[in-house]
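Heads up: the sequence shown at position 109 corresponds to 108 in numbering that gives the first Met the number 0, and the numbers run straight through without jumps. Here the structure is laid out as structure tokens; the discussion comes afterwards.
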Amino acid sequence: MHLKHKTQIYKLFFVFAVLTEMCSTPLWGQWTNIETKFGTATLPGLINTFGRLAKFNGPEGVAFNNVGYVPTVMYVADTQNHVIRRVVLATGEATTIAGSGVAGWADGVGTLARFNVPRGVAVDSTNTYLYVADVMNGAIRKINLSTNAVTTIIGKSCSTIDNGSSYVGQCDK
0 MHLKHKTQIY KLFFVFAVLT EMCSTPLWGQ WTNIETKFGT ATLPGLINTF GRLAKFNGPE
60 GVAFNNVGYV PTVMYVADTQ NHVIRRVVLA TGEATTIAGS GVAGWADGVG TLARFNVPRG
120 VAVDSTNTYL YVADVMNGAI RKINLSTNAV TTIIGKSCST IDNGSSYVGQ CDK
């Protein structure tokens, strides 16, 4: 056997040994039992309720609140429902905090607001605002987590201009 092949065998053995060790540790062990906690893999829908009875339709973006070491709330961009959902991790309760369920564009409070394919979500460090990438509207939106008021911070009513080397966003506000 050539030295090259022996080296590859030793590398494979090392990888196998590391994976075996990882799988036996408590940290890795917590990921070996994956189960559905929220929503279900059956027909998609938009149902606010608890645990696996909740329905989502193409959820893509997820963000967690910043409270201590263990998050208590998960925010979900329910992309194909055109809404933003809040899931309380302790109870599994899923509720719609913004968006009407109909694609569109409108600032407003709660379900009076409209999104069109929201994908990315991020919580600020003070848990005051949730930022949303509203893809088909070409906008970044901001949700006040105390009031569920949605405002557009860039895009839709804004424009981009070509300054010769890149595009620059500008709003008339």
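We put the CB at the ideal spot given by N, CA and C, even for glycine.
Short of 6 Å from the beta carbon of VAL108, and not among the five residues preceding or following it, lie these beta carbons of its own chain, in chain order: ASN147, ALA148. Between VAL134 and ARG140, the C-beta gap is not smaller than 7 Å, which leaves the two residues out of contact. When only Cα atoms are considered, SER99 and ALA93 end up about 15 Å apart. Note that the C-beta distance between ILE142 and ALA105 is not below 7 Å. Assignment of ASN65 by DSSP, reduced to helix, strand and coil, places it in the coil class.
For GLY154 and THR95, the gap between their C-alpha atoms comes out near 23 Å. For MET73, the enclosing beta strand (DSSP E) covers residues 72-77. Nearest in C-alpha terms to VAL86, of all of THR78, ASN80, ARG113, TYR74, is TYR74. PHE49 counts as exposed, since fewer than 16 other C-beta atoms from the protein chains shown sit within 10 angstroms of its C-beta.
Comparing alpha carbon positions, the residue from GLY103, ARG84, VAL66 closest to THR127 is VAL66. Closest option to ASP123, judged by alpha-carbon separation, among LEU42, ASN47, LEU45, ASN64: ASN64.
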